[in-house]
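The sequence shown maps to residues -7 to 108 in the numbering used here.
Cβ coordinates follow ideal geometry from the N, Cα and C atoms, glycine included.
See structure below.
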Amino acid sequence: MTKPIGHFTSDTINDGSLLDSLQEEYGSTFELITRREKLYLIQALAIQLCDQSPGQCREEIYVVGHQINSSLPLSDREGLLEALINQVRLGNSLPAEEIKSQKIPKNSRGLIFGGS
-7 MTKPIGHFTS
3 DTINDGSLLD
13 SLQEEYGSTF
23 ELITRREKLY
33 LIQALAIQLC
43 DQSPGQCREE
53 IYVVGHQINS
63 SLPLSDREGL
73 LEALINQVRL
83 GNSLPAEEIK
93 SQKIPKNSRG
103 LIFGGS
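As structure tokens, then:
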């Protein structure tokens, strides 16, 4: 069972905020939004948050993204999405200024390991 949006945000019921109106329109767990629409919102939020984050992505991260999308089954990609969201929210990330000083090891299949 999913939790209401207010569990994850600073929304207060009936405060007239955007979050309040979204819940009124689409339900407290966004149950009136399709899976595709939810994925679109995740993408839109992620792009905007990425653009606001300091630093740049290492070239190998683009390769990792391709490897993930082309190799992992749907359930693992969804699980990875959930894990990454939790890590972003809880601050479990390598600081941008440390990227240049670290070598990220690769396994025998060329997949990149590192970070937390």
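Measure the Cβ-Cβ separation of residue i and residue j and say whether it is below 8 Å.
i, j, result
"residue -6", "residue 21", "yes"
"residue 15", "residue 39", "no"
"residue 32", "residue 24", "no"
Thinking just about the alpha-carbon of each residue, which of the options is nearest to the one in residue i?
i, options, result
"residue 50", "87, -2, 8, -3", "87"
"residue 42", "18, 80, 61, 52", "80"
"residue 35", "77, 90, 82, 46", "77"
"residue 57", "46, 47, 73", "73"
"residue 90", "48, 5, 37", "48"
Determine the DSSP secondary structure at residue i, reduced to helix, strand or coil.
i, result
"residue 23", "coil"
"residue 43", "helix"
"residue 62", "helix"
"residue -5", "coil"
"residue 86", "coil"
"residue 48", "coil"
Could you give the first and the last residue of the continuous alpha helix (DSSP H) run that contains residue i?
i, result
"residue 75", "66 to 82"
"residue 8", "Unbroken run through residue 8: none, as it is neither H nor E."
Whose C-beta lies closer than 6 Å to the C-beta of residue i among residues of the same chain, with five residues either side of it excluded?
i, result
"residue 1", "11"
What residues in its chain sit with their C-beta under 8 Å from that of residue i, if we drop five residues either side in the sequence?
i, result
"residue 30", "22"
Only counting the same chain, and skipping five residues up and downstream in sequence, which positions put a Cβ closer than 7 Å to that of residue i?
i, result
"residue 46", "88"
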